[in-house]
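Asks: Got a structure here, written out as structure tokens. Questions coming.
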Amino acid sequence: MESTAFTKSDLAKYPFLKQTAEYIKSLDLQIDNLASIGSDQILKRAEERVNKAITEIRVPKCLKTLDDEITSFPIALLIVIATENSFIKKRYALAEAKQASSDLINFNESKQKILKIAEDFDWKIKMNSKETLDSPLEFTVNFNDYLRNAAHLHDKKWKLTNSILSHGDVYLNKKDVIRLLQEEIRRRIEKRLDLKLASYPPELAEIAEKVKKIAVEVIGDSEAEEFPKIVVQAAFPPCINALYEAASSSHHLSHIGRFTLTSFLINIGMSPENVNDLFKTFSDYNERLTRYQIEHIAGERGSATRYTPPQCSVLQTHGVCKNRDELCRHIYHPLKYYLRKQGLDVKQTSKRGN
Ligand code: SF4
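Its first residue numbered 56, the sequence shown is counted upward by one per residue in the numbering used here.
So this is what it looks like as structure tokens:
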């Protein structure tokens, strides 16, 4: 089947495509000399992209000047890289991917275009020649491409046993293909953001600082702070230690206790899978419900907001604050305790003049 070519408007709408990267290369932009890009407009638009991603988890399109719109994407990526903050990176990738998926639906993109975008990710995808009105499954997608992207989607309908599978292909409708593409887009953008550059043009570094401040305002101090990738149990605050021990020995936890423990562990980098394992020995364990709650707290469902534990004052009111120690006197939040115990609390470090 012959597929349609991408137009310049497509490249502006879907800037994560390989062809967009080639187009940008042909413009020969000098990133270390942003003046060469020739327009403040592009920098402003790039900043707006990132800000909208943080505040609204979307990046509405601005298709009046296509070249500016296309160019603003790699500049936005550089701004996000310059923040050196994994939360902002994840949020940006998620927002661009969600926007692309809703644009594919709202612009009512043709099946040929969906197919071509999937091929940009090297999917083995075909139009379903046996599609009928009773069974509007417009595409067949190779089993491996399906599994790679559906693996993180927990709604029952994504289980392979609930899909129509034949000769290694899964039959899907347009909406489901777009949902799977959203996962692919998110991962591609996250990969592009997984870079560290030795230096950044001052204009970008300045915008990155502003973006970090916005992130703190929107998502809170603790969440915007960078957590080390390894979970350090020795740095758990006393309240979390008590909850963790209770959970490990299958003792009952109150609702707020469960929420506090789950949100704490998710925020310090424990995977939802490992948090789920912790609750498995509970007598009232319900796999579907527990997974749902953990993923909701982790921001993988619904509003994509990751929840943080309540502040110490709230935990004290609910009797969750236990075995306070000396460090507790100097912090107001369990996540602050965790960072400070490891000497990772940026504000405290600068206050001490270290
Ligand atoms: S003061 Fe805060 S961090 Fe310390 S035990 Fe109480 S709730 Fe936990």
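Cβ atoms here follow ideal geometry from the backbone N, Cα and C, with glycine treated the same way.
Just to confirm the assignment: which complete beta strand (DSSP E) runs, minimum length 3, are found wholly within the region 149-218?
Replies: As far as the region 149-218 is concerned, its whole beta strand (DSSP E) runs of at least 3 residues are 180-182 and 194-197.
Asks: Enumerate in chain order the residues of its own chain whose CB-to-CB distance from PHE162 is below 8 Å, with the five nearest sequence positions on each side excluded.
Replies: Here residue 162 refers to the residue found at position 107 when the sequence shown is read from its first residue. These residues qualify, in order along the chain: LYS68.
Asks: Since ASP122 is in the beta strand (DSSP E), which residue starts that stretch and which ends it?
Replies: Walking along the sequence shown from the start, residue 122 turns up at place 67. Per DSSP, ASP122 belongs to no beta strand (DSSP E); it is in the alpha helix (DSSP H), 121-138.
Asks: Compute the Euclidean distance between the alpha carbons of PHE71 and PHE128, then round it to the nearest angstrom.
Replies: As a working mapping, residue 71 is identified with position 16 in the sequence shown. As a working mapping, residue 128 is identified with position 73 in the sequence shown. Distance between the alpha carbons of PHE71 and PHE128 is about 8 Å.
Asks: Is there contact between the region 329-339 and the region 295-306, where contact requires at least three CB pairs shorter than 8 Å?
Replies: The region 329-339, when compared against the region 295-306, does touch it at the 8 Å Cβ threshold.
Asks: Pick helix, strand or coil for CYS299, following the three-state DSSP scheme.
Replies: As a first step, residue 299 is located in the sequence shown; it is residue number 244 there, counting from the start. Residue identity check: residue 299 is Tyr in the sequence provided, not Cys. Three-state DSSP puts TYR299 in a helix.
Asks: How about ALA263 and ALA137: are their beta carbons less than 9 Å apart?
Replies: As a first step, residue 263 is located in the sequence shown; it is residue number 208 there, counting from the start. As a first step, residue 137 is located in the sequence shown; it is residue number 82 there, counting from the start. Yes, the pair counts as a contact, with Cβ atoms nearer than the cut-off.
Asks: Put LYS406 into one of helix, strand or coil per three-state DSSP.
Replies: Taking the sequence shown and counting its residues from 1, the one referred to as residue 406 is at position 351. Residue confidence is low: LYS406 scores 37 on pLDDT, short of 50, so the model does not pin down where it sits. Its coordinate-derived value is still stated next. Of the three classes helix, strand and coil, the one that applies to LYS406 here is helix, per DSSP.
Asks: Distance, Cα to Cα, SER309 vs LEU370?
Replies: Start at 1 with the first residue of the sequence shown, and residue 309 comes out as number 254. Start at 1 with the first residue of the sequence shown, and residue 370 comes out as number 315. Going from the Cα of SER309 to the Cα of LEU370 covers about 12 Å.
Asks: Please state the DSSP three-state secondary structure of TYR226.
Replies: Position 171 of the sequence shown, counted from the start, is the residue given in the question as residue 226. Strand, per DSSP.
Asks: Hey, out of TYR387, ILE134, ILE233 and ARG203, whose CA is closest to ARG104's CA?
Replies: Within the sequence shown, residue 104 is the residue found at index 49, counting from 1. Checking every option, the nearest Cα to that of ARG104 belongs to ILE134.
Asks: Compute the distance between the beta-carbons of ASP123 and LEU82, then report whether it is under 9 Å.
Replies: Stepping through the sequence shown from its first residue, residue 123 is reached at position 68. Stepping through the sequence shown from its first residue, residue 82 is reached at position 27. Not in contact: ASP123 and LEU82 (Cβ atoms no closer than 9 Å).
Asks: Can you give the Cα-Cα distance for ASN140 and ASN183, rounded to whole angstroms?
Replies: Taking the first residue of the sequence shown as position 1, residue 140 is located at position 85. Taking the first residue of the sequence shown as position 1, residue 183 is located at position 128. Cα to Cα, ASN140 sits roughly 42 Å from ASN183.
Asks: Within 10 angstroms of its Cβ, does PHE61 collect 16 or more other Cβ (buried), or is it exposed?
Replies: Working through the sequence shown from its first residue, we reach residue 61 at position 6. Per the 10 Å Cβ criterion, buried.
Asks: Locate the alpha helix (DSSP H) running through PHE337, then write down its first and last residues.
Replies: To locate residue 337, count along the sequence shown from 1; it is residue 282. Note, PHE337: premise wrong, no alpha helix (DSSP H); not H, not E.
Asks: Could you check if LEU320 is buried or exposed, using at least 16 other CB atoms within 10 Å of its CB as the buried criterion?
Replies: Translated into positions along the sequence shown, residue 320 becomes position 265. When all chains shown are included, LEU320 counts as buried.
Asks: Classify LEU220 as helix, strand or coil using the three-state DSSP reduction.
Replies: Here residue 220 corresponds to residue number 165 of the sequence shown, with the count starting at 1. Strand, per DSSP.
Asks: I'd like to check one pair, ARG247 with LEU66: are the Cβ atoms closer than 9 Å?
Replies: Here the question's residue 66 lines up with position 11 in the sequence shown. Here the question's residue 247 lines up with position 192 in the sequence shown. No, the pair does not count as a contact, with Cβ atoms beyond the cut-off.
Asks: Under 9 Å between the Cβ atoms of ILE180 and VAL232?
Replies: By one-based count along the sequence shown, residue 180 stands at place 125. By one-based count along the sequence shown, residue 232 stands at place 177. The answer is yes: Cβ separation under 9 Å.
Asks: Just curious, the alpha helix (DSSP H) that PRO292 is in, first and last residue?
Replies: Residue mapping note: residue 292 aligns to position 237 of the sequence shown, counting from 1. PRO292 -> no alpha helix (DSSP H), and no H or E assigned at all.
Asks: Could you give the DSSP three-state label for GLN74: helix, strand or coil?
Replies: In the sequence shown, the residue the question calls residue 74 occupies position 19. Note: GLN74 maps to helix in three-state DSSP.
Asks: Taking the alpha carbon of ASP380 as the reference point, which residue from PRO389, ILE172 and LYS168 has its own alpha carbon closest?
Replies: On the sequence shown, position 325 is the one that residue 380 refers to. Ranking the options by Cα distance to ASP380, first place goes to PRO389.
Asks: Let me know if ASN378 comes out buried or exposed under the rule of 16 or more other beta-carbons within 10 Å of its beta-carbon.
Replies: Translated into positions along the sequence shown, residue 378 becomes position 323. The residue is exposed, with fewer than 16 neighbouring Cβ atoms inside 10 Å.
Asks: Quick test of the definition: if touching needs 3 or more C-beta pairs under 8 Å, does the region 227-245 touch the region 151-165?
Replies: Segments in contact, yes.
Asks: When you measure from the CB of TYR299 to every non-hydrogen atom of ligand 1, does any distance come out below 8 Å?
Replies: Within the sequence shown, the letter at position 244 stands for residue 299. Because no heavy atom of ligand 1 lies under 8 Å away, the Cβ of TYR299 does not count as near it: no.
Asks: Would you call the region 255-269 in contact with the region 286-293, where contact means no fewer than 3 C-beta pairs closer than 8 Å?
Replies: The region 255-269 is not in contact with the region 286-293.
Asks: Between ARG343, PRO293, ASN322 and GLN366, which lies nearest to ILE352 when the distance is taken from Cα to Cα?
Replies: Position 297 of the sequence shown, counted from the start, is the residue given in the question as residue 352. Nearest of ARG343, PRO293, ASN322 and GLN366 to ILE352, Cα basis: ASN322.
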